[in-house]
Structures are given as structure tokens and as C-alpha cells.
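Last residue of the sequence shown? That's 154 in full-length UniProt numbering, and every number before it is there in order. Beneath this line is the structure, given in C-alpha cells, with notes to follow.
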Amino acid sequence: MTLTLGTTGCSGVKAAEDTPRVAIEKVLATEQSAWNAGDSISYAAEYTDDADFINIRGQVFAGKPAVQQQHAKIFAGPFKGSDITIVVRKFNQISDSAVLVDTDQTVTHFVGLPPGIVESSPGTLVTHFKYLAIKQIDGTWKFASGQNTVALPN
Numbered sequence: 001m002t003l004t005l006g007t008t009g010c011s012g013v014k015a016a017e018d019t020p021r022v023a024i025e026k027v028l029a030t031e032q033s034a035w036n037a038g039d040s041i042s043y044a045a046e047y048t049d050d051a052d053f054i055n056i057r058g059q060v061f062a063g064k065p066a067v068q069q070q071h072a073k074i075f076a077g078p079f080k081g082s083d084i085t086i087v088v089r090k091f092n093q094i095s096d097s098a099v100l101v102d103t104d105q106t107v108t109h110f111v112g113l114p115p116g117i118v119e120s121s122p123g124t125l126v127t128h129f130k131y132l133a134i135k136q137i138d139g140t141w142k143f144a145s146g147q148n149t150v151a152l153p154n
């Protein structure tokens, strides 16, 4: 089943309030809202302190501060004013406290693209983003890892 996320503005959703899927979908909605607002602080807040993030160019960023700094850079640069839509493609709960989430992400209204990246179609960049979500001690879900891969045009 595919679910398109809307914006809820929820952050740090507690697992006790919702099923893991619903809680993580709310975290993804927060990511989507943060991207659309160009808010790197809120975007990075959904990652664990020691998270690993691999961007569309294959660059590795270690830790929440690096995730925040990289997103501040792209929100001020090629993705300034862009919009993203996140669609959950696959949800795989591998334990009570760990979930793999595959998403398709569509970015529009960008001013440019990072070096070496090409549009998926005119004015659109589609990526496949895999997250590892981990349930925290306080019951919230955060991303411990994320890898983003460009979906090249056919």
C-alpha cells in the first residue's frame, strides 16, 4: 500500500500513542514540512545524535549536526524554495524497536541541482530514500540512518 504523507507538524511522536507505522509516518510528515519550509533544524531533529546520512551524491554525513549543516547548505543553495512530497513505498518492521522504511521522494521548484545530478523529468527530481527508524528510550521514533538515491530517467 502506498501512502502519501501530508503535513502535521508533529515531532518526536511517542510510540505509545500510535502504532509504529503511524508514528513513523508522522515523523516523515515532519520531515516533509521541514523541507518545504527550508528548516534544516527541524529536519535534522528527526535523526538520532549519532545518525548516518548518505545524500544523493553518495556523500556520508555522520551525526545530527552534520545532517543539519548539510541541509542548511542545500536549503540555501540548489533546493532553496523547493517542495518535497514523500510517499511510503515499503514499511518493514524488523523488531519492536526497529523499522526499515522505503520512500519515494519527489522534489519540485528547485533552483538548481547539485553537481552530477540530473532531473528525473523536467522540473522534477525523484529519489528513493531508505530510512532505519529506531524507537528511543522515551518511546519516540528517530532515524538512525538514511540513504538517498536518485531515480535516473529512463
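Quick reminder that beta carbons are idealized off the backbone N, C-alpha and C, glycines included. All values derive from a computational prediction rather than experimental measurement.
Other residues of its chain near K80: CB distance less than 6 Å, five sequence neighbours each side excluded: In the sequence shown, residue 80 corresponds to position 80, counting from 1. Once the five neighbours on either side are set aside, the close Cβ partners of K80 are V111.
Let's test the definition: count the other Cβ atoms within 10 Å of the Cβ of K73 and tell me whether it reaches 16, buried, or not, exposed. Here residue 73 refers to the residue found at position 73 of the sequence shown. Its Cβ having fewer than 16 others within 10 Å, K73 is exposed.
Of the residues V107, A133, S95 and I86, which one's Cα is nearest the Cα of F75? Along the sequence shown, one-based indexing puts residue 75 at 75. F75 has its Cα closest to that of V107, out of V107, A133, S95 and I86.
Beta bridge counterpart(s) of D104 as assigned by DSSP: Counting from one through the sequence shown, the residue named residue 104 turns up at place 104. Partner(s): V87 and H128.
Cβ atoms of I41 and W141: under 7 Å apart, would you say? To locate residue 141, count along the sequence shown from 1; it is residue 141. To locate residue 41, count along the sequence shown from 1; it is residue 41. It is not a contact, given that the beta carbons lie outside the stated cut-off.
To which residues does DSSP link T48 through a beta bridge? Translated into the one-based positions of the sequence shown, residue 48 becomes position 48. Per DSSP, none; premise fails for T48.
DSSP on V22, reduced to helix/strand/coil? In the sequence shown, residue 22 corresponds to position 22, counting from 1. V22 falls in the helix class under three-state DSSP.
Give the C-beta separation of A34 and K64 to the nearest angstrom, bearing in mind that I take them to be a contact with Cβ-Cβ under 8 Å. For the purposes of this step, residue 34 is taken as residue 34 along the sequence shown, with counting starting at 1. For the purposes of this step, residue 64 is taken as residue 64 along the sequence shown, with counting starting at 1. The Cβ separation is near 13 Å, so there is no contact.
Counterpart residues of G38 in DSSP-defined beta bridges: Start at 1 with the first residue of the sequence shown, and residue 38 comes out as number 38. DSSP lists no partner for G38.
Excluding the five sequence neighbours on either side, which residues of its own chain have a C-beta within less than 8 Å of the C-beta of I117, listed in chain order? Your numbering for residue 117 matches position 117 in the sequence shown. I56, R57, L125 and V150.
Which residues does DSSP pair with A98 in a beta bridge? On the sequence shown, residue 98 is found 98 positions in, with the first residue counted as 1. Paired residue(s): S95 and I134.
Go ahead and label residue 155 buried or exposed: buried means 16 or more other beta carbons lie within 10 angstroms of its beta carbon, across all protein chains shown. With the chain covering only 1 through 154, there is no way to say anything about residue 155.
Using only the alpha-carbon positions, how far apart do R20 and T48 sit? The residue given as residue 20 occupies position 20 in the sequence shown. The residue given as residue 48 occupies position 48 in the sequence shown. First, the amino acid is wrong: residue 20 is Pro here, not Arg. About 17 Å.
Residue from P114, V22 and K135 with nearest C-alpha to S145: For this step, residue 145 is matched to residue 145 along the sequence shown. Residue K135 is the option with its Cα nearest to S145.
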